[in-house]
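Report on the structure given below.
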Amino acid sequence: MSGRMIQAGPTLVHLIEGDAIEAMYGLPAGSVDFIFADPPYFLSTEAGTTCKSGKRRRVHKGEWDEPVSPEQQRAFGARWMAAARRLLKPTGSMMVSGTSHSIHHVHQAAVDGLGMVVINEIVWSKPNPPPNLACRSLQHASETILWMKPSARSRHYFNYAGARAVTGKQMRSVWEGILPPSKAERARGGGHKTQKPLGLLARCLLVACPPGGVALDPFNGSGTTTEAGVIFGCSGVVGIDRDHHNVDTAAARILRIAEGVADPVRPRARAVAAA
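The numbers in the sequence shown follow our numbering, run straight up by one, and end at 288.
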């Protein structure tokens with residue numbers, strides 16, 4: 014396992030290359046305020062396709078996303094979430110994203126297996142999802158984010174005032190208007206196939222991470238969470254990924270900010286979270 018430390022303004026970014034579970038057990042217990050995780054959905058097959066620019070295209074995200082049994086999904090979820098829960102402060106919480114193919118296994122592993130409690134089931138409504146080429150079901154136009162706390166006795170941090178300021182009333186659990194990554198944002202993501210938009214991570218941090226807090230992403234991918242943490246002003250952000258290319262990509266994104274490179278996407282991410 015190797016790592017890189019980058020200071021970007023007030024934020025110390027720690028990028029770790031290695032296995033997520035092993036890396037988390039190497040970090041101090043009770044040291045993190047907020048965790049965002051986008052674990053494998055286990056959907057990739059050699060025959061898998063999607064729609065891009067109106068055409069059917071093959072998609073195979075990698076060996077890490079190939080299907081496994083439901084029992085294996087739940088066992089994997091229980092292992093990594095136990096490691097993550099150990100890191101949370103008494104007021105900390107965790108958000109985990111998924112689709113219908115994976116999120117139920119996450120829920121079962123977290124709630125039934127680890128005794129965690131769901132605070133909200135958030136629906137990210139996608140404004141421009143790809144069409145359903147098979148025409149045998151409804152168009153898949155959303156992803157689910159489970160916001161959870163370690164136990165029923167946990168008193169999690171919630172930025173109620175900041176969340177209310179987004180729309181002028183209580184924030185709902187259906188999040189609309191958050192666009193997928195722009196071309197410029199995708200370019201900075203190095204072509205990662207499951208890149209989340211900065212606007213989504215900015216919203217998650219606004220809701221659940223205290224100002225100056227420490228955030229962690231155990232499946233950091235192209236580094237959206239670490240970049241959002243710097244924009245948000247976290248004191249520390251930890252990103253873990255086992256792929257060397259992803260770690261380099263995440264580091265490049267942080268270095269752009271640290272070196273003061275202008276980027277029109279970052280203000281847009283702020284606007285999504287706080288306007």
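A virtual CB, placed ideally from N, CA and C, is assigned to each residue, including glycine.
Asked, Found
"Considering just the uninterrupted stretch of the beta strand (DSSP E) at Ile158, what are its terminal residues?", "Ser155 to Lys162"
"Under the assumption that Ile48 contacts Met107 (Cβ atoms under 8 Å), give the Cβ distance between them as a whole number of angstroms.", "4 Å"
"Can you list, in chain order, the residues of its chain whose CB lies under 8 Å from that of Ala88, leaving out five sequence neighbours each side?", "Ala122"
"With 16 other CB atoms within 10 Å as the buried threshold, where does Gly100 fall?", "Looking at the sequence provided, one finds Leu at residue 100 rather than Gly. Leu100 is buried by the Cβ-count criterion."
"Looking at Ala33 and Met4, is the spacing between their C-beta atoms short of 8 Å?", "Because the chain is modelled from 14 through 288, residue 4 falls outside the range shown and cannot be assessed."
"Give the single residue among Thr238, Gly234, Arg201 and Gly203 whose Cα lies nearest to the Cα of Leu219.", "Thr238"
"What's the call for Glu156, buried or exposed, on a 16-neighbour Cβ count within 10 Å?", "buried"
"Please classify Ala21 as buried or exposed, where buried requires at least 16 neighbouring CB atoms within 10 angstroms.", "buried"
"Confirm the yes/no value for this check: CB of Asp46, any heavy atom of the ligand SAM, distance under 7 Å.", "The ligand content of the structure shown is nil, which means the ligand SAM is not present either."
"In angstroms, rounded to a whole number, what distance separates the CA positions of Ala95 and Ala50?", "13 Å"
"Distance, Cα to Cα, Asn133 vs Lys162?", "10 Å"
"At 4 residues or longer, what runs of the alpha helix (DSSP H) sit wholly inside the segment 209 to 275?", "211 to 221, 237 to 245 and 257 to 271"
"Distance, Cα to Cα, Leu159 vs Glu30?", "26 Å"
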